[in-house]
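Below is one structure; the comments refer to it alone.
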Amino acid sequence: YRMVVRPALLYGAECWPVKKSHVQRMRVAEMRMIRWICGNTRIDKIRNEVIRDKIGVASIEDKMRETRLRWFGHVRRRPMDAPVRRCETMECLDCRRSRGRPKKSWSEVIRHDLRTLGLVE
1 YRMVVRPALL
11 YGAECWPVKK
21 SHVQRMRVAE
31 MRMIRWICGN
41 TRIDKIRNEV
51 IRDKIGVASI
61 EDKMRETRLR
71 WFGHVRRRPM
81 DAPVRRCETM
91 ECLDCRRSRG
101 RPKKSWSEVI
111 RHDLRTLGLV
121 E
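Every letter in the sequence shown is one number past the one before it in my numbering, and letter 44, counting from 1, is 44.
So this is what it looks like as structure tokens:
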């Protein structure tokens with residue numbers, strides 16, 4: 001699971017501006033696979049935390065946060081003229097935004113992760 005399934009689930013997740021719906025879908029997919037590996041079904045009514053403790057894996061949400069912050073560290077260590085840093089500050093000037101709430105940016109997700117863990121940028 002840790003060598004094949006989790007990396008496939010998390011591929012590219014370090015640079016997504018993740019929404020709650022994304023996290024929920026990843027959580028569901030992960031637990032389906034873990035239950036299948038253990039031979040348990042939802043009918044057995046075993047809690048997710050119990051199954052995770054039995055196998056010894058962390059939640060996919062924690063792993064997503066870990067990979068995002070690892071990528072954030074790599075990006076921060078790059079010089080300001082590096083392409084990845086230029087993309088970080090790039091904005092679309094002549095684009096029309098659709099109605100409603102503005103889309104969550106990657107930097108907002110990182111700020112939330114840092115605040116959750118009590119870290120400072």
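Heads up, the beta-carbon is just placed ideally off N, CA and C, and yes, glycines get one too.
Being a predicted model, the structure only gives us computed values, none of them experimental.
If the five residues before and after isoleucine 60 are omitted, its C-beta is found closer than 7 Å to the C-beta atoms of Leu9, Met26, Arg27 and Glu30, all from its own chain and listed in chain order. The alpha helix (DSSP H) runs lying completely inside the region 24 to 111 and spanning 4 residues or more are 48 to 55, 60 to 77 and 83 to 89, given in chain order. Distance from the CA atom of tyrosine 11 to the CA atom of histidine 112, rounded to whole angstroms, is 21 Å. For the pair methionine 64 and valine 23, the CB atoms are nearer than the 8 Å cut-off. With distances taken between CA atoms, tyrosine 1 lies nearest to Ile34 out of Val75, Met80, Ile110 and Ile34. The beta carbon of glutamate 108 sits closer than 8 Å to the beta carbons of Pro17 from its chain, once the five residues preceding and following it are set aside; these are given in chain order. The DSSP-derived three-state label of leucine 9 is helix.
Between the beta-carbon of arginine 77 and that of valine 84 there is about 10 Å, and that puts the pair past the 8 Å contact cut. With fewer than 16 other beta carbons inside 10 angstroms of its own, glutamate 121 counts as exposed.
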